[in-house]
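Asks:
2 protein chains.
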Amino acid sequence: MQPVPAFRILLIDDHRLFNDGVKSLLNDQPDLMVCGQVFQASEVLSAIQRTNPDLILLDINLQGSNGIDLGKTILGHYPDLRVLILTMYSQPKLLDETRKAGLHGYLLKDATTHELLQVIREILGGNTYFDTNVADLSSTADNTFSDRFAQRLNLTFRELEIVSLIKEGLNNEQIAERIHLSIETVKTHRKNIYFKLDISKATDLVRFAIEHGL
Amino acid sequence: MQPVPAFRILLIDDHRLFNDGVKSLLNDQPDLMVCGQVFQASEVLSAIQRTNPDLILLDINLQGSNGIDLGKTILGHYPDLRVLILTMYSQPKLLDETRKAGLHGYLLKDATTHELLQVIREILGGNTYFDTNVADLSSTADNTFSDRFAQRLNLTFRELEIVSLIKEGLNNEQIAERIHLSIETVKTHRKNIYFKLDISKATDLVRFAIEHGL
DNA sequence: GTTCCCATACCGCTTTCGGGGTATTTTTCA
DNA sequence: TGAAAAATACCCCGAAAGCGGTATGGGAAC
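This is the structure:
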């Protein structure tokens, strides 16, 4: 019936409806088939053994564990498997962890179906894909984000340092202590940062910093 | 072609993949059809007018706004519409809010497809359905991401609303205007939020909100 | 039917932030 | 070797946030 065997995909997501929905979407594709669905982290390894998948779609938010660690575990046992993280979390930190864990992709759940299919085929073809919508960094991120943003937004290194500390929740006094400056200097830097980013308060800065992975 | 016209269903969920998945599931049913998909709260009313649905499947966690309020608004404009909340949040309080808002159902996203179809038909038949699996999660604090729920569960609905507005960058005055409260009340809520989350300032809150997808 | 929680609202007081400046010393680099 | 940019530092002042209270009405819960 199937002239070329389809790629086998295992879905791991404790949201059954999402799981079912993706299954339905994927099974519409002639070259892809869902070989199994898992709703709990504990069942993953046995399901892999049973269903022999080529690719695993893995949610981060699993009951009892987190998807990135689970992905790492899976690769430890089955190094040839491809693993794509599929998540609602648009967090550069998580994307970074995913990359560092050696997983093959990170896609947001608000991607379109078309994007999902593209990414799946990309990964099955041996490439990786890390959603650029998570942060403004290209898929070939070899240099630090800071450098890129420093240039783009004309933030100096000192300013970036202070952005980072503000993001961490330090106030002017704490920042001054931490990097051995006068509070007044910190305030000056802060003012300059606000001016350059065209914002007016710390909450804006935190949002900006997190959204841009600073 | 269709001897009996199918019920028309409008999907509102900013997770496109979930949206597409459910669409695919529903369109497999002869008596149901997805008449439209909406990814943003702002587009809902015009989409209803355009697509003339019988039932709306509504996520709670829409960017910026919240599904329950949106559902209430929808019923205000279209009282004959049926609205089913479809959410990942297993919170009795939210279920309760849904019921009080006069919406017709509350189903968890980890329901099975079969359950979803059953519930949809139940609601289209004039009944309501409120998921009995909605558990008090206060006891299950085990995995990495449970803090997202655990901590969030301590926040009341009003508090969550204010968290969201603070995250958006509004100050007390603006929040007070937006949701028609006294500034003093907003300050009180803010204090309570800080206490519950064990933080002390707005930047901490923004970080918390973003990291936890609020 | 009383107790607890939530949402509402106010007061006073202190600290921090944000916006307006100015100014000196390094560093960079053309 | 100069000019520009970066880093440092200070002043004033008003606005906002944060912290300590107290209080009341309405539901929900038990």
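Order-wise, the sequence lines are chains P and U. Residue numbering for the first sequence follows this note's numbering, starting at 1 and increasing by one per position. Residue numbering for the second sequence follows this note's numbering, starting at 215 and increasing by one per position. We put the CB at the ideal spot given by N, CA and C, even for glycine. From a predicted model like this one, the values you see are computed outputs, not experimental measurements.
Check the Cβ of residue 24/P against every Cβ in chain U and list those closer than 8 Å, keeping chain order.
Replies: 235, 238, 239 and 242
Asks: So if DSSP puts residue 87/P in a beta bridge, which residue, or which two residues, is it bridged to?
Replies: 108/P
Asks: Going by other Cβ atoms of all chains shown within 10 Å of its Cβ, with 16 needed for buried, is residue 172/P buried or exposed?
Replies: buried
Asks: Taking one C-beta from the segment 323-332 of chain U and one from the segment 17-28 of chain P each time, how about it: are there three or more such pairs within less than 8 Å?
Replies: yes
Asks: Within 8 Å of any Cβ in chain P, is that where the Cβ of residue 302/U sits?
Replies: It does: the Cβ of residue 302/U has a partner Cβ on chain P nearer than 8 Å.
Asks: What does DSSP give as the partner residues of residue 117/P in its beta bridges?
Replies: Answer is none; residue 117/P lacks a bridge partner.
Asks: Taking only beta-carbon atoms, is residue 55/P less than 8 Å away from chain U?
Replies: No Cβ of chain U is located within less than 8 Å of the beta carbon of residue 55/P.
Asks: Taking the alpha carbon of residue 419/U as the reference point, which residue from 194/P, 200/P and 168/P has its own alpha carbon closest?
Replies: 168/P
Asks: With a threshold of 8 Å between beta carbons, is residue 176/P in contact with chain U?
Replies: No - not a single Cβ of chain U is within 8 Å of the one on residue 176/P.
Asks: Just list the residues that DSSP pairs residue 251/U with in beta bridges.
Replies: Beta bridge pairing from DSSP links residue 251/U with 225/U.
Asks: For residue 292/U, which of helix, strand or coil comes out of DSSP?
Replies: coil
Asks: For a test of the three-state rule: what should DSSP assign to residue 181/P, helix, strand or coil?
Replies: coil
Asks: Run down chain P in chain order and give the residues with a C-beta less than 9 Å from the C-beta of residue 231/U.
Replies: 18, 21, 22, 25, 86, 107, 108, 109, 110, 111, 112, 113, 115 and 116
Asks: Under 8 Å between C-beta atoms, does residue 408/U make it to chain P?
Replies: With 8 Å as the cut-off, residue 408/U does not count as an interface residue toward chain P.
Asks: Hey, does residue 255/U have any beta-carbon neighbour from chain P nearer than 8 Å?
Replies: Judged by the 8 Å Cβ criterion, residue 255/U is not in contact with chain P.
Asks: Assign residue 429/U to one of three DSSP states: helix, strand, or coil.
Replies: Outside the shown range of chain U, which is 215 to 428, sits residue 429/U, and nothing can be said about it.
Asks: Quick one: what does DSSP say residue 317/U is sitting in, helix, strand or coil?
Replies: coil
Asks: Whose Cβ in chain U lies nearer than 7 Å to the Cβ of residue 202/P?
Replies: 416 and 417
Asks: Quick one: any contact between the segment 331-348 of chain U and the segment 23-35 of chain P, if contact means 3 or more CB pairs under 8 Å?
Replies: no
Asks: Count the other CB atoms within 10 Å of the CB of residue 184/P; is the residue buried (16 or more) or exposed (fewer)?
Replies: exposed
Asks: Expressed to the nearest angstrom, what Euclidean distance is found between the alpha-carbon atoms of residue 415/U and residue 5/P?
Replies: 57 Å
Asks: Check the Cβ-Cβ distances between residue 424/U and every residue of chain P, and say whether any is below 8 Å.
Replies: yes
Asks: Would the beta-carbon of residue 407/U fall within 8 Å of that of residue 375/U?
Replies: no
Asks: To the nearest whole angstrom, what separates the beta carbons of residue 284/U and residue 258/U, a pair I think is in contact under 8 Å?
Replies: Indeed, because the Cβ distance is near 6 Å, the residues count as touching under 8 Å.
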